[in-house]
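In the working numbering, the protein residues as written are 921 to 1559. Just so it is clear, CB atoms sit at the ideal spot from N, CA and C, and this is done for glycine as well. First up is the structure itself, then whatever we jot down about it.
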Amino acid sequence: MIKISFPDGAVREYESGTTSMDIARSISEGLARNVLSASVNGEVWDASRPIQEDAAIKFYTWNDKEGKSTFWHSSAHLMAEAIESLYPGTKFGIGPSIENGFYYDIDTGDRVLSSSDFAKIEAKMKELAKQKNEYVRSDVSKADAVAYFEEKGDEYKLELLEGLDDGSITFYQQGAFTDLCRGPHIPDTGKIKAVKLLALAGAYWRGDENRKQLTRIYGVTFPKQKELTEYLELLEEAKKRDHRKLGAELELFMFSEKVGAGLPIWLPKGTALRTRLEDFLKQEQIKRGYQPVITPHIGKKELYETSGHWEKYGEDSFRPIHTPKEGEEFLLKPMNCPHHCEIYGHKPRSYKELPVRFAEFGTVYRYEQSGELHGLTRVRGFTQDDAHIFCTPDQLKDEFLNVLDLTMHVIKKLGYENFTAQISLRDPENTEKYIGSEENWNRAEQAIIEATQEAGLETVTELGEAAFYGPKLDFMIKDALGRRWQLGTIQVDYNLPERFELEYVGSDNQTHRPVMIHRAPFGSMERFIGVLIEHCAGKFPLWLTPEQFAILPISDNQIPFAKEIEQELSVHDIRGYIDDRTESIGRKIRDTELKKIPYMLIIGEKEAESGKVSVRKQGEGDQGTMSVSEFISYFKELL
RNA sequence: GCCAGCAUAGCUCAGUUGGCCAGAGCAGCUGAUUUGUAAUCAGCGGGUCGGGGGUUCGAAUCCCUCUGCUGGCUCCA
921 MIKISFPDGA
931 VREYESGTTS
941 MDIARSISEG
951 LARNVLSASV
961 NGEVWDASRP
971 IQEDAAIKFY
981 TWNDKEGKST
991 FWHSSAHLMA
1001 EAIESLYPGT
1011 KFGIGPSIEN
1021 GFYYDIDTGD
1031 RVLSSSDFAK
1041 IEAKMKELAK
1051 QKNEYVRSDV
1061 SKADAVAYFE
1071 EKGDEYKLEL
1081 LEGLDDGSIT
1091 FYQQGAFTDL
1101 CRGPHIPDTG
1111 KIKAVKLLAL
1121 AGAYWRGDEN
1131 RKQLTRIYGV
1141 TFPKQKELTE
1151 YLELLEEAKK
1161 RDHRKLGAEL
1171 ELFMFSEKVG
1181 AGLPIWLPKG
1191 TALRTRLEDF
1201 LKQEQIKRGY
1211 QPVITPHIGK
1221 KELYETSGHW
1231 EKYGEDSFRP
1241 IHTPKEGEEF
1251 LLKPMNCPHH
1261 CEIYGHKPRS
1271 YKELPVRFAE
1281 FGTVYRYEQS
1291 GELHGLTRVR
1301 GFTQDDAHIF
1311 CTPDQLKDEF
1321 LNVLDLTMHV
1331 IKKLGYENFT
1341 AQISLRDPEN
1351 TEKYIGSEEN
1361 WNRAEQAIIE
1371 ATQEAGLETV
1381 TELGEAAFYG
1391 PKLDFMIKDA
1401 LGRRWQLGTI
1411 QVDYNLPERF
1421 ELEYVGSDNQ
1431 THRPVMIHRA
1441 PFGSMERFIG
1451 VLIEHCAGKF
1461 PLWLTPEQFA
1471 ILPISDNQIP
1481 FAKEIEQELS
1491 VHDIRGYIDD
1501 RTESIGRKIR
1511 DTELKKIPYM
1521 LIIGEKEAES
1531 GKVSVRKQGE
1541 GDQGTMSVSE
1551 FISYFKELL
C-alpha cells in the first residue's frame, strides 16, 4: 500500500500501482470524468500513469492552467494523427501547447498546405476524437526510438533524440499515431469535442533562420462546442479593439504607400492626443529636474561607430546618407543617446552638477524587416520619450529609483494594471554580443536587481534580453490579442560613458567616469498610443481624449445658445465642438456615440429657455439636465 | 527577409466554372425636412478592379513580377 496525500491535507492509502484516475474515481465519478492530468509529487503526470510510491497528488481539470495545457498538448497529437492520415509521409517537428491552444510544426515535403485544407483536417480530427483512443505511454530505449524514426524517415525527431539520454525517452501512442513525447496527456481523445484550426505560418526549425522553414499550424480545442463558440466571439471582440482599425475610424493616424511602410502619419486628432500625452510627461519631468534638449535627426557615421551602434546594427540598417560634394556619411538617428553623450561632453563637468538629466522627445529611424511591421507597435520611424541621466556611481541607485517612480506614475496615470516588469540581462552563453567589461556588466545588473528589490517591484528575469550596452528593466503590456509589447524601459549603462570618454571632476580633484541611465517611460509614443487605444478600446481617459464633448442642438434655432455654451466651456479648458448639421437628434447622437465622444450636451427649446443642458454620457445614455456651470463642475470632478 | 493568405468606390463588402457599358449599403454632394436621446426622405457624382507584364478572340477572374496589408517565424539599439 502507498500513502496518497491531497491538497487539503488528507492522506489515504491505495494499492501500489494505482493511477490518479483510479484515485479520482474513488472520490467521485464526476471528478474522474473531469480529470485531465494530475500533479504527482510536483510533476505533471498522465492520470493513467501508475503511482508506485507515497505521493502528494493534485488533480488537474479544464479549470486549471495545467489541465488546459495537457488538453491542448494532446490536441496537437490528435492534429498530427489527422495530418499523418490525410498526408502520409509528413514529418513532424515539435507540437507544444501554448497560451491559447497549440501548434505543430510539420514538414509536408513538396505539398503546400494552406488554410483551405483546415476544414478537412478539422473533420478528420473530430472523426478520430470520436474513437476515444487512449493516449498510451511507453518507455523506449534510445536505440529503439532511433530505429523507429529512422524507419519512418523523420529527421526532425531523430535530431530531437540526439539531445535525449537513454532511459529517459518515452513514446505516446493514440490510434495510429506514435510520437516522441515527454507527456503528459489526457486519458483519451474523446474529451476533445470542439476543434478549430486558426492559422498557418512558416516557422524555422529550432528557431534558426538558417535552417529549414517548417509549416506551423495553430489550433485550439475545447471540451465543449459552446466554449469554442465563446472563444471565437472573444477573438471577434478583440479585433474591434485593434488599434489599426480604431486609429483609422477615429482619424488618429494613417499610413501611406507613397510615404512608405512603417512610417506613421499623425492626423490632427491623433496629434492632439499625442501632444497632450507628451505635455503631461514634459511637465512631470521638469518637476523632477530634467532639462529638455533638442538634437538633429541625423548624425555622422563616426558618432555611431563611437557608440558601437554602427558595428552592432549598421549592416542591417537604413543605408548612410552621403553629402554630394564632401562625401561625408550620415546616418538617420537610430538612438538619441550618442547625441546626448556629446551634450554631456561638450564642457568639463563637476561632481557638483551631477546628476544631469537630458530629456528629448527624439524621433528615431530604424530599419525593420518588412514582415515585422505592425500598425503603430512596430514601425520604422518613431518618437521616444527619451532621457539620459549622467550621475556618479553613488547616485545611481537613487536615480534609478526616481526613474522607477516616474515610470510607475505614468503607468498608473494611464490605468494599466496588468503589466509585467522584466529584468533583461545578458545571455551568459553568448557574451560576445555585448560591449564592455565583465565588471561593468556585473555592476549594472546588480544595480537593477537591487533597486527593484528595494522598491518592492515584482519582476521576472529574462536572460539574453539586455541591450548590447547594458541591462534593462522593461515594462511589458499586452495588446487586445494578447501579444506582449515592451513599452517603458530603464537601462543602466557603464559602457557608453567609457566609449565617449565622459568624465567629471570629483571632490578629490580627480577625473571620474559617470554612469548613465537611459530611460523612456512611454517607450515610443507610437507604440504606447497603439497599445493605449486597445487598452481603452478607443475610449480615452477624459483628460487625454481629443474631443471631450459635442453639443447637439435639436434644431438650428438652438445654435446661438450652443455657441454660448461652447464659449463658456472653452474658457474652462473643456474642448469639443457643435454638431450644427441639420439632422435629426437621433442621427447626431448615433454619430457622436460612434466617435466615442465622452459627453453629449443636447439642447432643445426647453434647455435654451431655461439655460440648461441635457447631458448624455457616451455608452451610458441620458444623465439628466443641469445648468452649464453645474456641468462644468461635474466635468472637472472627473478629470 | 522567410512561409501562407489577402488587395474591387473614402469605408464595409457582392461579383457563380474567364464573356453584355463592374454592383450594393454606408460615407460624400444637391434639394426637401427643423427634428427630444443610437440611422428623415429623394436625387446625383464617384472605381484605369493595388502597379507593371503575360496567356487568351476576350481577364476583376488564369500565370509572372513589384508594392502594400494580415497571421506567424527570425529580428527588435
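If you count every other CB in all the chains shown that lies within 10 Å of the CB of residue i, and 16 or more means buried, which is it?
| i | result |
| --- | --- |
| Gln1289 | exposed |
| Ile1241 | exposed |
| Lys923 | exposed |
| Gln914 | For the chain, the structure presents residues 921 to 1559; residue 914 sits outside this window and is missing. |
| Pro1348 | exposed |
| Ile943 | buried |
| Trp1186 | buried |
| Met921 | exposed |
| His1455 | buried |
| Asp1199 | exposed |
| Val1032 | exposed |
| Met1445 | buried |
| His1229 | buried |
| Leu1422 | buried |
| Gln972 | exposed |
| Ser1553 | exposed |
| Glu1177 | exposed |
Which residue or residues does DSSP assign as beta-bridge partners of residue i?
| i | result |
| --- | --- |
| Tyr1520 | The residue you asked about is not Tyr; residue 1520 is Met in the sequence shown. Paired residues: Ala1470, Arg1536. |
| Cys1311 | Val1435 |
| Met1255 | For Met1255, which the question treats as bridged, DSSP gives no partner whatsoever. |
| Met1174 | Ile1185 |
| Gln1342 | Val1380, Asp1394 |
| Ser1270 | Val1425 |
| Asp1399 | Paired residues: none, contrary to the question. |
| Lys923 | Glu933 |
| Phe1250 | Lys1220, Ile1241 |
| Ile977 | Val960 |
Along the chain, where does the beta strand (DSSP E) containing residue i start, and where does it finish?
| i | result |
| --- | --- |
| Gln1406 | 1404-1413 |
| Arg1136 | 1133-1142 |
| Tyr965 | Note on identity: in this sequence residue 965 is Trp, with Tyr being the wrong assignment. Looking at the DSSP string, the run of the beta strand (DSSP E) that includes Trp965 is 963-966. |
| Gly1122 | 1114-1124 |
| Asp1025 | 1021-1027 |
| Leu1048 | Careful: Leu1048 lies outside any beta strand (DSSP E), inside the alpha helix (DSSP H) at 1038-1050. |
| Gly1282 | 1276-1285 |
| Asp1059 | 1056-1059 |
| Thr1098 | 1097-1100 |
Are residue i and residue j close, meaning C-beta to C-beta below 8 Å?
| i | j | result |
| --- | --- | --- |
| Asn1415 | Gly1390 | yes |
| Gly1009 | Ala996 | no |
| Gly1013 | Ile1026 | yes |
| Ser1547 | Lys1537 | no |
| His993 | His1105 | yes |
| Ala1578 | Thr1512 | Since the first residue of the chain shown is 921 and the last is 1559, residue 1578 is not available in this structure. |
| Ile1479 | Ile1522 | no |
| Gln1051 | Thr1135 | no |
| Met999 | Gly1139 | yes |
| Arg1300 | Arg1277 | no |
| Lys1044 | Ser1017 | no |
| Arg1403 | Met1396 | no |
| Thr1095 | Asn1130 | It should be pointed out that residue 1095 corresponds to Gly in this sequence rather than to Thr. Taking 8 Å as the Cβ cut-off, Gly1095 and Asn1130 do not qualify as a contacting pair. |
| Tyr1076 | Lys1011 | yes |
| His1250 | Lys1220 | According to the sequence provided, residue 1250 is Phe. The question's His does not apply to it. A contact, by the Cβ cut-off of 8 Å. |
| Val1115 | Lys1165 | no |
Would you mind reading off the limits of the alpha helix (DSSP H) that contains residue i?
| i | result |
| --- | --- |
| Phe991 | 985-1006 |
| Tyr1579 | The displayed coordinates of the chain run from 921 to 1559. Any statement about residue 1579 would go beyond what the structure contains. |
| Leu1080 | 1075-1082 |
| Tyr1233 | 1229-1233 |
| Ser1549 | 1548-1558 |
| Ile1498 | Ile1498 -> not in any alpha helix (DSSP H); beta strand (DSSP E) instead, spanning 1496-1498. |
Check whether the segment 1032-1049 and the segment 1074-1091 are in contact - that is, three or more C-beta pairs closer than 8 Å. no
Can you find at least 3 beta carbon pairs, one from the segment 1259-1275 and one from the segment 1199-1217, that sit closer than 8 Å? yes
Give a yes or no on contact between the segment 1450-1461 and the segment 1481-1490, applying the rule of three or more CB pairs nearer than 8 Å. no
Cβ contact check for the segment 1434-1448 and the segment 1307-1325: 3 or more pairs under 8 Å: yes
Per the contact definition of three or more C-beta pairs closer than 8 Å, is the segment 1402-1417 in contact with the segment 1353-1367? yes
For the pair the segment 1361-1379 and the segment 1424-1431, tell me if three or more CB-CB distances fall below 8 Å. no
Taking three-plus beta-carbon pairs below 8 Å as touching, is the segment 1052-1067 in contact with the segment 1082-1101? yes
Please confirm if the segment 1195-1205 is in contact with the segment 1223-1237, defined as three or more CB-CB distances below 8 Å between the two stretches. no
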